[in-house]
Every structure is written in structure tokens, then in C-alpha cells.
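Mapping to our numbering: the sequence shown position 167 is 170, numbers consecutive.
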Amino acid sequence: MVRQRQTPAQTIGPFFHDELRWNDGSRVLFSLSGERITLTGRVFDGNGTPVADALLETWQADPAGRVPATGDAARPCGYGRVVTGDDGRYDIETVMPGRYTGAAGEMYAPQLNVTLFARGLLKAVRTRVFLAGMDAIMDDPLVRAIGNPERVKSIVAVRDPQDSNIYHWDVRLQGEGETVFIEF
């Protein structure tokens, strides 16, 4: 008689390999100069526990509102990749993106597109973070689609009152104050 052992329960990946980490991934490259800013915050799970080693990827327009088409040999301009620390914290150094026009002529407020990978997620989640106050983003197509100003607040970074070049934005994967995620 063959005895079978039950394997331990596990959370399905993704399980990140160290090669996905970029030493300078938190510094977004641009061929144009602009107002340098830092987006900082933390990633939390549904229980409010910081998520260590989550991976955030960001895409954004340049200061003139154009999607960059150049870069260095390692990555394109306007793209960043950062891993959260043990306390769930991340920092992204970039330039203030400009407003840009979509394919149908709609105007988008200054924002970063964010893809987040973390343990326990079967697939990445996507969202945006706005770098302008509520009054400046109300005409953005995503904000209009959400419709609820309280929900919109979950994707608006708050400018630091002590340093106007720092923006704070926390990601909450579930529960109260859950970040608005976008399905594609």
C-alpha cells in the first residue's frame, strides 16, 4: 500500500525572481527636464498589514503630455519599476507628467498608470494615481466613470505640506478605503 502525503497549503504566486528588481527602477527616465517629484507610499493587504516585496510598475506621459518613445538600452523613458520594502514602502522619483489627449480627443489629468504584482494575487491589478487635486481631475474620463468622489480619493496622491515635490499615495488591496482598480 502506498501512502500519500498531503502537501502544505500555499498561496499561488507570483513569486518574484531577484532579476525583476532594478537597482535604479525607482528613478524614472525622461529625455525632457521638468519638475522633479517623488511619489511615496505603502502597499497594504485587506487586513491593513504592509505588503513586503510587492512590485509596482509605472508608465506616464512626459511634462509636455506626450508618451515618451525613447529610452536607454535598459528601458524606455517614462517607465519605472520598484519593489516595496519590508514595511510595504516604495518611492518613485520622476517628473510631473503633463495633461495629455487620448485617442478620442478626451483630456487626461496628470497621472501615473500603475500595475501592481503581489503575492496572493492571481494576476496583476491596474490602477492610476492622480497628481492633482480633486477640482483639477473631475473632467478626467476615469474620474467621471467612477462617479463617486469618495472612491476617487483612493487614487489621488496628496501633496506633502512640508515639501511640495513629494506626493503620498497608499495602495489598499482590499477592505475599507480599497484602491480603485481598473479591469482591462
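A virtual CB, placed ideally from N, CA and C, is assigned to each residue, including glycine.
Report the partner residues of residue i according to the DSSP bridge assignment.
{"i": "F33", "result": "The partner list for F33 (beta bridge, DSSP) is empty, contrary to what the question assumes."}
{"i": "G83", "result": "T61"}
{"i": "R175", "result": "F47"}
{"i": "P66", "result": "In DSSP, P66 forms no bridge with anything."}
Given residue i, which residues of its chain have a CB within under 6 Å of its CB, disregarding the five upstream and five downstream residues?
{"i": "Y82", "result": "W62"}
{"i": "E109", "result": "P144"}
{"i": "N151", "result": "none"}
{"i": "D89", "result": "A55"}
Here's a check: name, in chain order, each residue in its chain whose Cβ is nearer than 8 Å to the Cβ of residue i, leaving out the five neighbours to either side.
{"i": "D138", "result": "none"}
{"i": "I185", "result": "R129, T130, R131, L145"}
{"i": "G68", "result": "P100, G101, R102, Y103, T104"}
Only counting the same chain, and skipping five residues up and downstream in sequence, which positions put a Cβ closer than 7 Å to that of residue i?
{"i": "M99", "result": "G37, E38, I40, P66, P113, L134"}
{"i": "T118", "result": "E60, A127, R129"}
{"i": "H171", "result": "T43, G44, A160, V161, D163"}
{"i": "D173", "result": "G44, R45, F47"}
What span of residues does the beta strand (DSSP E) with residue i cover, start to end?
{"i": "V46", "result": "39 to 47"}
{"i": "V183", "result": "Careful: V183 lies outside any beta strand (DSSP E) and carries neither H nor E."}
- the segment 177 to 187 / the segment 41 to 61 touching (three or more Cβ pairs under 8 Å): yes
- Segment contact, 8 Å Cβ cut-off, at least three pairs: the segment 149 to 157 with the segment 33 to 40: no
- Starting from the N-terminal side, write out each stretch of the beta strand (DSSP E) that is 3 residues or longer and does not extend beyond the segment 92 to 167. 92 to 98, 114 to 120, 128 to 133
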